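> Going by our numbering, the sequence shown opens with residue 133, and the numbers climb by one from there.
The beta-carbon is built from N, C-alpha and C at its ideal position, and this holds for glycine as well.
These numbers come from a predicted model, not from an experiment.
So that we are looking at the same thing, I have put the structure below in structure tokens.
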Amino acid sequence: MTAPTPPTPPFRDPQLPFAKRIDDLLSRLTPQEKVSFLHQYAPAVERLGIAAFRTGQEALHGVAWMGPATVFPQAVGLAATWDTDLVRRVGEAVSREVRAMRARDERVGLNVWSPTVNLLRHPLWGRNEEGYSEDPKLTSAIATAYTRGLRGDHPTYWRTAPVLKHWLAHNNETGRDVTSSSVRPRVLHEYDLRAFRETVQAGAVAGVMPAYNLVNGRPNHVSPYLREHLRAWTDDELLVCSDAGAPSNLVDSEHYFDTHEEATAAALVAGVDSFTDHGTDGSTIVARVGGALERGLLTEADVDAAVRRQLSVRFRLGEFDPHHDPHAEAGAFDTPAHRALAQEAAERAVVLLRNDGVLPLAADARIAVVGLLADECKLDWYSGTLIHRSTPLEGLYERFGPERVEFAEGVDRVLLRTSAGTFLKVPEAPEAAAAVRGAEGALDPALLAGRTDLPPLTTDAVGTELALVEWGEGVLTLRAPDGRYLSVAEDGRLRASADQPGGWIVQETFRLEPHGNGHLLLHVGTGRPVCVAADGVQVAEADAGAEPEVFELVLVERGEDAVARVAAGADVVVVVAGNDPHINGRETEDRTTLRLPAHQERLLAASRAANRRTVLALVSAYPYAFEPGPLSAALWTAHGGQAAGAALARVLAGDVSPAGRLPQTWYADDADLPDLLDYDVIGARQTYLYFEGDPLFPFGHGLSYASFSYADLAVRVEGGSVHVAFTVANTGAVSADEVAQLYTRAVEPSVVRPRRELLGHRRVRLAPGERTELSFEVPLSAFAFWDVAHGRWRLESGPYDLLAGASSADVRLRGSVVLEGEPSVPRQVLECGLAAVDFDEQSGCEIVDRAKTSGDAVTPVGGGTGELVFRTCDFGTGTTGVKVTVAGQGTVELWSDGGVAPALLTLGTPTAGPYDHVDIEADFAADGVRDLHIGLRGPLRLAHVGFSG
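Here it is in structure tokens:
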């Protein structure tokens, strides 16, 4: 007799809504199973037929870390296209490759950790390459396009589930897990939250990842903003995944909590749903959650809420409906369409910064291609392994023919002589030496070990000539004649073994430190000097007592001499300069200057001296400051992926008219930059929104081989929106793209407002003589600002300029509109007092946490002195007293204009802790509408000021 088929459990029924199916599955999971799901690597539940699940697959500009994949331009390069349709198609291609790669390798995950929507507030941030723009509007437009491509178009099932990085106000690698970003309410709402908000509200985001840093004194992983803002923007169940190791940082480096149980509980309650910690081993997190449950710090309902959000993503990815998942067989890998798209993206990302007419290059030109990046196709930390590769030199060879192109890399060619008179020698290596780092894929490439299968360096009487490149800050690489870089593996031996510098800790960089009559060769990765031992050259062990070798640097040829030779005989010189994405500016390491490294400045100067027709092609992850005047032309492109060289060559040749635009301001000098940790874009006048100086190149800048005219500006207000239209015509001789940009400016603002603010843009292709009309519908909310006096958005009545043009500085059309909003109303301080954080201006202060769970206070930086200014405070018919809510120790002084006597309030005895606030009162007489100043002295925290009358 055949046993009856058991009924299909509701969570397996595709006819039911996801919410009901998740309810059913949650009811079937044991408490222990649910807790195990909170780790990044959720184990399988075999009794229910549930597979293991991993959150997190890097896919910033292609599938990363899992071996060969299509490599598109870096994220900042994709943003430089200002082309949302293109970026959507790139996202779609990446998601199809994720599916295809997962079909053959289950390590590839469908929950992708990208894009990065941190705003490029400061150009020295080491991870500039990962973001899109300094402007929140452009950032959200590009991020929305990419996430829509990653998600797919099916109404129910997602091709991949994108997670936005890194929540919130995160633009420094220096002390990134212990520094706090002081973010005033206007900056929070108008700037940092905005890029996340508009992208989440577009509906193609599965979750976010909190950043390592603190905001206003509180770690992002326990931020109340996750609940107050993120989850309020959408009805979707958003999955919040911690950054790697961040849960442990709450105790280990930030010391914000005393125990890991407290920290884990606080993060879970705040909204973290998946804990990325301790690699693939979930036992530590499981134990911490278990301990928190036992101590009453968590409830089972807290765990259920987090597991529900994870399951929501898994259901949307089709995991429980394999026969209904439209994406199960929709993978595509390294297709001709993907290769063509990679080249299209690279071409569209090129920005022409300057041109005196030398570009496009003449078809019969004799071209000298020089520079350290001329024959490179660099990858960054979040790249896949190249399947195809095109360098600028290869692209120009292919386009113009090798007989018309000469090349000089510009490296310094050196020998390293030991104190014994011998020279460093690179031994012969077997054929296997050509292996490429990371080609096999790795869930955590930081764990990839250096090669030990090759012979270590030795010494002999002749030695090996090495190619030395100085990348700035005294950091250099040394390369053997066969192209392999000198590297140090775990055994401490020095080998020529790396195809490129790379790794979480780069093992291919060195410094030459003067010592006696020579130099010590210091290995940056280990911090140890190189020594010569009987069994090979190695780094000295810290406790072995080995004597560091003192080397004499023998210069065989200067790079600038080689450059000058080929430059002198050419019609035009293309100098390809920029950065290596693994050196001096990357995750964990901020830059220290906008300047090009001295080595590359020498090469550029040598080219200019030998040939006035010099073109600078910058290939970099971030802006540089340089003198453009002596150059015939200058271009910039981010590291453009597998087709970078062919794309650059086609732009130089005029096959493609450049139409990339700068997604961030290029400043002229380091002196134009605020401190890296100053997140107050308003007070510090940062980004094109507030910068009052003269940039090297403005936001939105980019030239073309064509010319364009703008006309027929029309502006009207209707139905809660401002409607703007104008025409753009190609007045040039070639077909080309134009990126038309629309900005606004409040003409008579009551507070500091942006000098220009992007409202929208269009990238359009026009044939010679062709004209098109562009129209924009801008909601009135786009003209509002965050009114700190009343804690809400406010549209201010008055005139607003509408500016249309080719960049934030190249305005071709001007119009204006008078909008009816709300008038400025003084602060009613007698009714509700003043939250200290709601200041209009400040100096010497920073925002800190009022309590560990929520709330803000203000304190003088370093316990010194500071001042807060509150404009237009209405004291009514008069006040008689003031009460301040403070913690710590110090003095609060209040004064106003008009001869009002100041009030001095002193907290002499320190409070028990920084969160133990007390009230102090004093006499204070003021009436009418006045500006209020509050001075702070000492290590005290001011939370609130109240008045009595």
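Just the C-alpha distance for residue 345 and residue 756, rounded to the nearest angstrom, thanks.
26 Å
> For the beta strand (DSSP E) that contains residue 352, what are its first and last residues?
From DSSP, residue 352 is part of no beta strand (DSSP E); its letter is neither H nor E.
> Hey, residue 504 and residue 206 are a contact pair by Cβ (cut 8 Å); roughly how many whole angstroms apart?
Residue 504 to residue 206, Cβ: 18 Å. No contact.
> In angstroms, rounded to a whole number, what distance separates the CA positions of residue 787 and residue 446?
Distance from the CA atom of residue 787 to the CA atom of residue 446, rounded to whole angstroms, is 45 Å.
> Go through the region 377-408 residue by residue and report every complete run of the alpha helix (DSSP H) that reaches 4 residues or more, in order.
Scanning the region 377-408 from its first residue to its last, the whole alpha helix (DSSP H) runs of 4-plus residues come out as 378-384, 392-402.
> Could you tell me the distance, in whole angstroms, from the CA atom of residue 821 to the CA atom of residue 385?
35 Å
> Given 8 Å as the limit, is there contact between the region 913-930 and the region 945-963, that is, 3 or more CB pairs closer than that?
yes
> Taking its Cβ as the centre, do 16 or more other Cβ atoms sit within 10 Å of residue 415, making it buried, or is it exposed?
exposed
> Can you tell me whether DSSP reads residue 849 as helix, strand or coil?
Strand.
> For residue 488, collect the residues of the same chain with a Cβ closer than 6 Å to its Cβ; drop the 5 residues on either side in sequence, then sort them by chain order.
764
> At what residues does the alpha helix (DSSP H) containing residue 328 begin and finish?
According to the DSSP assignment, residue 328 belongs to the alpha helix (DSSP H) that extends over 325-333.
> As a quick exercise: from 651, 673, 667, 650, pick the residue whose alpha carbon is nearest that of residue 659.
673
> Using only the alpha-carbon positions, how far apart do residue 433 and residue 796 sit?
44 Å
> Take residue 582 and list the residues in its own chain whose beta-carbon comes closer than 6 Å to its own, dropping the five residues that flank it on each side.
619, 621, 639
> Does the distance from the C-beta atom of residue 625 to that of residue 668 stay below 9 Å?
yes
> Flag this pair as touching only if the region 162-174 and the region 215-234 have three or more C-beta atom pairs under 8 Å; answer yes or no.
no
> Return helix, strand or coil for residue 452, following the three-state DSSP convention.
Correct three-state label for residue 452: coil.
> Between the region 300-307 and the region 718-725, do three or more beta carbon pairs fall short of 8 Å?
yes
> Give the range of the beta strand (DSSP E) segment to which residue 932 is assigned.
Counting along the chain, the beta strand (DSSP E) containing residue 932 begins and ends at 930-937.
> When the Cα of residue 623 is compared with those of 670, 662, 590, 136, which residue comes out closest?
670
> Helix, strand or coil: how does DSSP classify residue 754 here?
coil
> Count the CB pairs spanning the region 367-375 and the region 340-355 that are closer than 8 Å, and state whether there are at least three.
yes
> To the nearest angstrom, how far is it from the Cα of residue 803 to the Cα of residue 726?
10 Å
> Around the C-beta of residue 744, are 16 or more other C-beta atoms found within 10 angstroms, so that it is buried, or is it exposed?
exposed
> With DSSP run on the structure shown, which of helix, strand or coil describes residue 254?
coil
> Between which two residues does the alpha helix (DSSP H) holding residue 473 run?
Under the DSSP assignment, residue 473 falls in the alpha helix (DSSP H) whose first and last residues are 468-480.
> Can you tell which of 246, 144, 470 has its C-alpha closest to the C-alpha of residue 189?
For the residues 246, 144, 470, the minimum Cα distance to residue 189 belongs to 246.
> Using the DSSP secondary-structure output, state which residues sit across from residue 960 in a beta bridge.
1006
> Secondary structure at residue 447, three-state DSSP: helix, strand or coil?
helix
> Please determine if the region 246-262 and the region 800-819 are in contact, where contact requires at least 3 C-beta pairs separated by less than 8 Å.
yes
> How should residue 290 be labelled, buried or exposed, when 16 other C-beta atoms within 10 angstroms of its C-beta is the threshold for buried?
buried
> Considering only their Cβ atoms, is the gap separating residue 1009 from residue 1059 smaller than 9 Å?
yes
> Once you ignore the five residues that flank residue 652 on each side, which residues in its own chain have a CB closer than 7 Å to its CB?
645, 661, 680, 682
> Where do the ends of the beta strand (DSSP E) carrying residue 1066 lie?
Its beta strand (DSSP E) spans residues 1061-1069.
> What are the partner residues of residue 341, as DSSP defines its beta bridges?
297
> CA-CA distance, residue 779 and residue 909?
34 Å
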